[in-house]
Structures are given as C-alpha cells and as structure tokens.
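Chains A and B, in that order, give the protein sequences. Read left to right, the first sequence gives residues 1 to 406 (UniProt numbering). Read left to right, the second sequence gives residues 1 to 105 (UniProt numbering). Even glycine gets a Cβ: it sits at the ideal position worked out from N, Cα and C. Keep in mind that this is a model prediction, so the values were computed, not measured. One structure is given here, and the rest of the page talks about it.
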Amino acid sequence: MGGDVVIIGGGQAAASCAAKLRALGYGGTVTIVAAEPVLPYQRPPLSKKYVAGELERERLLIRPADWYVEQNVKVERGVAASAIDPARRRVSLADGRTLSYDSLVLATGARPRQLPAAIGGDLPGLLTMRDLADADRLAPDLKPARRLLVVGGGYIGLEAAAVAAGKGLTVTVIEAAPRILQRVAATPTSDYFRALHQRHGVDIREGISLVRLIARDDRAGGAELGDGTTIEADIVLVGIGVLPNDDLARAAGLGVENGILVDGSCRTSEARIYAAGDCASLLWQNERIRLESVQNAIDQGEHVAKVIMGETADYDPRPWFWSDQYDVKLQIAGLNRGYDSVIQRAGSRTGSQSVWYYRQGQMIAVDAMNDALTYSIAKKVLEMGHSIPPEQAGDASIDLKPWLKA
Amino acid sequence: MPKVTWIQPSGEKVTADVPAGHNLMEAAVANNVPGVIGECGGCLSCATCHVYVDAEWSDRAGPPGEMENDMLEVTAAERRGTSRLSCQLIAGDALDGIVLHVPQA
C-alpha cells in the first residue's frame, strides 16, 4: 500500500503510529513533523530518572536514530506545523514548506496549563514539566539546600517533589484542593502519598489558595498564599495539569471540544485526518474523555496505523498508568471516573496497599502501591470485563488469583 | 559488545550487538524485534517485554526479582519456568550470546 502519511507531533503516539505502519507493510512515505529539535522520546522518565540524572538523554529516545533511516521514516525536527488545509490535503510548516498527505495523523499532545499572568504566571524562571527542555532547565538546580516550591499536588508535581527531596532540597507543595491528587484519586491514595512525602520531609499544604507568585531578582521566587503567609523559593515549578494541543485542528475546521473529537476509528470530523494520544477526545462508555497516558499514546497511535491499513474494528482502550515516587511504585488499572465507593486492601508487604474503585457495585479501577500482584490481577480482571466484589477485594486474606481463571 | 539473539514463534531470528549496561527490552525495541513492546520504558510497570530465556541460558540469567515475579503472574502469554521481563536483563559479559524466545502474541 502506498501514499503519503504525515504525522504532526513527535511524541510517543507519533512514533508508535509510524512504527506500526511499517510493521504492517505500509510502503508509502511516512513523515513525522516534530516541533521539538529531538527525535521522539519517552516523557515519563523526565520527571523521574532523567531529571534526577539517572538516565542518559540518548536512552530516552523511543527508537535510535538508525531506526528511522532503516525504516524510511522521515522526521522533520524543530519545525512546527502552522496550518492544515483539509480540502487540498496539505500541511503548511512554520518554515514556509508544505507537505501533501493522503492520511494525516494529529499527535500533537498537550501543553502544561499556565497560571494567569495577573498572578505571576508569566514570571521569568517559572518552570513546568512536560518537555525535555523543561527537565534540562530544572536538573541543574536540583542541589542540596535549595528551596523548591511546587504549585499543584498532582502526579507530575509530586514526582518532581520526590526527586528534589531525594537530592536534599527543601520542598513545599501547595494544593488548592482540600487534598493532593484530588482530581485523579480517592482519599486513601491521597493519604498514602501525603504520608510518604511527609516522611521525606516535604511540606505538603493542602486547601490553600495561591494569591500570586512573587518575584525576587526579577525571577519567580516564591508565593503569597491565601492564609496570609509567604513562601520563598529558589525554584518554582507549576504542575496544574495540561491542555490538549487542538488549535491547529480547530483552525482547520475540525470538531474540537477539550481535545480533537475522534470516532471509534480515531477519525476526526475529516475522513482522512486522524488523532491519537493526549490531544484526542475519544468515546469511552458513551462519554467523551481524553487519556493522558503512554498506554493510550501507544495503543491509539498503533490503532490509527491499523485503520490506515484497512482495520475496521474500533479502538478499545485498556487504560493503565504509573508513577514512581521515592521507593514507591504506583500502578493504576482502569479509569476511576464516576466512582461512588472505594475500599482498601492491605498488600502482602510493608507499605503495600491497594485502593479499589466501584461504580454502582461494579469494579472500575484500582490504585496499587508497591503491590504489583494486585495491580496485575485487577488489570486482567478489568480487561476480561469481570468485577471482583468489594467484600472480596477488601479482605486481604482472600486470594484473588482464582479470578484470573474466571 | 555483547550479542543477543531473539527468536520469534515463527523461527525468525534477529541477532544484535547490544551496548553493555543496556537492558534487553530497550535493545529489542532498538533492533525492531516484534513482540517486545516495553510500554513503561523499563520501570517494571507493564510486563509487555515478557520473553522466555533459552533453556541453555536460563541459569545464567537467574530468577526474576520479587516485583518482576509478581508482574509475571499475569503476562499476556503463558508464564513458563524460563519467563523473564527483558527490561530486567542487562547486557554484559555474563549474558554475551544469550538467546531469548519471544512469546506468541
């Protein structure tokens, strides 16, 4: 099969789509348009091992440079796409060139949400954590006795806090909601991670509003808080979520609503244009969601490749997520969206624990902390479409392995 | 550089030189070995890099670690005595020439 595939975006979804196209024998051209000046790389280690200096830059790459040559996948690096013309099937690049396509894949990802400029969101030196460049800006500052202020108690902020605390920095995390991880997890999981960070000396302040960031020496240097206190810091990192990069799609007239709207085939409102990864808004159990995860970037990127090659089945996401903080590995199976009850299960080792989410009695997700076995069982059971009743999940004396054969 | 060979269920073989210190999941991805995915990048979270170590090499590769052992309970393909997550196998002199069998997808 021939033709021209253009993929806008240079992340995991783009790399997975390109690789799958070649694996399926696609014989046409494949061009990745990457705004960043690097080959597609893994983002998850940025806020973990990479920023901690434990993983070399070259090993972040999803595929080595040779692979792109061998597989005849062209990567236009350091150039953004500036417009899409669906009628003429052309993409304009910021450097003035245009690319023609038979199939276009939008894998544009997401960008960190910024604080409003009115409260200091535009101060010089303010850091976020999304790109390699962000991690490279933070890494040299991770030195003992420095003070880090993290605005936002989500996974990214907490991972950065963990690395910084491990490097001997004085770390404060402020969270406007009543508890950290409120948007993504239930109270027991928040409690677990609060205690973990506190044991490592991190000052976690929840339910506290940010009045404004303050400047010192013309750089972001602290924050004025709603309780009248002020925190001084050498480094300020903002981790308050991401926004989908859907501007290009919107400008081209594609359907967009908190992400690029796609159908089960990952098609946008234009038949020859697909979207995959963090930027795509997909249907999950009759609701529109975006999945911000490596799993989705890989699987949806691959699904687009299959559709281009003639696949007719719908994309069926199997969401899972992970986070590493200190010596704790959190693994999440499923999506806890809309949960109405949770139960806890003690793990077999010290500090291992899981939190199970139910909606109308049906198991929908599990957070497993240092409990890979429980995670693995829960993930399989969810994928089989089964549900372990809360009274069994909550009783640590009951072996859950028989559920794998159900 | 240490050599590593992957054998597909079809019998198709790939042999590659792998830099010492690299794990054999990233080596498989770098060498375009089908069936070894490595979604989590090698941090023991996903079990998508499951392989069977060739019987000749199984002793030298050693048993899985505690967490790896848990993850191996529920791999996509059946678990065998020689099952390992290849992100936990590190290229080096001790495993120079190792042969890995990729499970049936």
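Please report whether the beta-carbon of residue i lies at a distance below 8 angstroms from any beta-carbon of chain B.
i: A/D316; result: no
i: A/A110; result: no
i: A/R63; result: yes
i: A/W403; result: no
i: A/K74; result: no
i: A/K380; result: yes
i: A/L373; result: yes
i: A/D95; result: no
i: A/W67; result: yes
i: A/W284; result: no
i: A/A18; result: no
i: A/A34; result: no
i: A/Q362; result: no
i: A/S376; result: yes
i: A/W356; result: no
i: A/V184; result: no
Among residues of its own chain, excluding the 5 on either side of residue i, which ones have a beta-carbon nearer than 6 angstroms to its beta-carbon?
i: residue 475 of chain A; result: Only positions 1 to 406 of chain A appear in this structure, which leaves residue 475 of chain A out of reach.
i: A/A162; result: Q325, Y326
i: B/I90; result: N23
i: A/L261; result: G255, S281
i: A/L237; result: L127, V150, A160
i: A/T170; result: R147
i: A/A33; result: The amino acid occupying residue 33 of chain A in the given sequence is Val; Ala does not appear at that position. Once the five neighbours on either side are set aside, the close Cβ partners of A/V33 are I8, E76, A81.
i: A/G301; result: A13, S16, C17, A276
i: B/G41; result: none
i: A/D134; result: T128
Ignore the nearest five residues each way along the sequence and tell me which others in residue i's own chain have a CB closer than 8 angstroms to its CB.
i: B/A47; result: M71, L72, V74, T75, A76, L85
i: A/A346; result: S352, Q353, A396
i: A/Q344; result: P188, Q353, S354, V355, W356, G394
i: A/V307; result: S265, C266, R267, Y274
DSSP three-state call for residue i: helix, strand or coil?
i: A/P244; result: strand
i: A/P140; result: helix
i: B/N69; result: helix
i: A/D340; result: coil
i: A/E76; result: strand
i: A/V33; result: strand
i: A/R89; result: coil
i: A/D4; result: strand
i: A/S100; result: strand
i: residue 467 of chain A; result: The structure shown has nothing for residue 467 of chain A, since chain A only spans 1 to 406.
i: residue 486 of chain A; result: Only positions 1 to 406 of chain A appear in this structure, which leaves residue 486 of chain A out of reach.
i: A/Y41; result: strand
i: A/S82; result: strand
i: A/I62; result: coil
i: A/L261; result: strand
i: A/V51; result: coil
i: A/I18; result: Looking at the sequence itself, residue 18 of chain A is Ala, so the reference to Ile does not match. Note: A/A18 maps to helix in three-state DSSP.
i: A/Y315; result: coil
i: A/Y26; result: coil
i: A/A13; result: helix
Would you say residue i reaches chain A, if we count a Cβ-Cβ gap shorter than 8 angstroms as a contact?
i: B/S86; result: no
i: B/V74; result: yes
i: B/G65; result: no
i: B/G41; result: yes
i: B/S45; result: yes
i: B/E78; result: no
i: B/M25; result: no
i: B/M71; result: yes
i: B/V29; result: yes
i: B/M2; result: Per the sequence presented here, residue 2 of chain B reads as Pro, with Met not at that position. Taking Cβ atoms only, chain A never reaches closer than 8 angstroms to B/P2, which makes this a no.
i: B/P34; result: yes
Tell me which residues share the same chain as residue i and place their Cβ nearer than 7 angstroms to its Cβ, disregarding the 5 neighbours each side in the sequence.
i: A/S323; result: Y155, E159, L330
i: A/R137; result: L127
i: A/V256; result: D246, A249, R250
i: B/E39; result: C46, T48
i: A/D316; result: none
i: A/L196; result: Q325, Y326, V328
request  = Pair every Cβ in the region 178–186 of chain A with every Cβ in the region 258–276 of chain A, then say whether three or more of these pairs are closer than 8 angstroms.
outcome  = no
key: Cβ contact (3+ pairs, closer than 8 angstroms) linking the region 46–55 of chain B and the region 78–85 of chain B   = yes
query = Is the region 3–13 of chain A touching the region 101–112 of chain A, taking contact as three or more C-beta pairs under 8 angstroms?
reply = yes
query = Counting only runs that start and end within the region 168–254 of chain A, where is the beta strand (DSSP E) found for 3 or more residues in a row?
reply = 170–175, 203–206, 210–216, 219–225, 230–232, 235–238, 242–244
query = Should the region 272–288 of chain A be regarded as contacting the region 115–132 of chain A, the criterion being three or more beta carbon pairs within less than 8 angstroms?
reply = no
ask   = Counting Cβ pairs, one atom from each stretch, are 3 or more of them under 8 angstroms apart for the region 325–343 of chain A and the region 355–367 of chain A?
value = The region 325–343 of chain A vs the region 355–367 of chain A: in contact.
key: Start-end ranges of the beta strand (DSSP E) lying completely within the UniProt domain "Reductase C-terminal" (320–402) of chain A, minimum 3 residues   = Those beta strand (DSSP E) runs which fall completely within the UniProt domain "Reductase C-terminal" (320–402) of chain A and span 3+ residues are 320–325, 328–334, 341–346, 353–359, 362–369.
key: Whole beta strand (DSSP E) elements within the UniProt domain "2Fe-2S ferredoxin-type" (2–105) of chain B, 3-residue minimum   = Whole beta strand (DSSP E) segments, 3+ residues: 3–7, 13–17, 50–53, 83–85, 98–101.
key: Entirely enclosed beta strand (DSSP E) segments - the region 102–168 of chain A, minimum 3 residues   = 103–106, 110–112, 147–151
request  = Taking 8 angstroms as the threshold, find out whether the region 93–101 of chain A comes into contact with the region 73–80 of chain A through three or more Cβ pairs.
outcome  = Touching, yes.
message = I'd like to know if the region 57–65 of chain B and the region 382–393 of chain A are in contact, where contact means that at least 3 CB-CB pairs between them fall below 8 angstroms.
response = no
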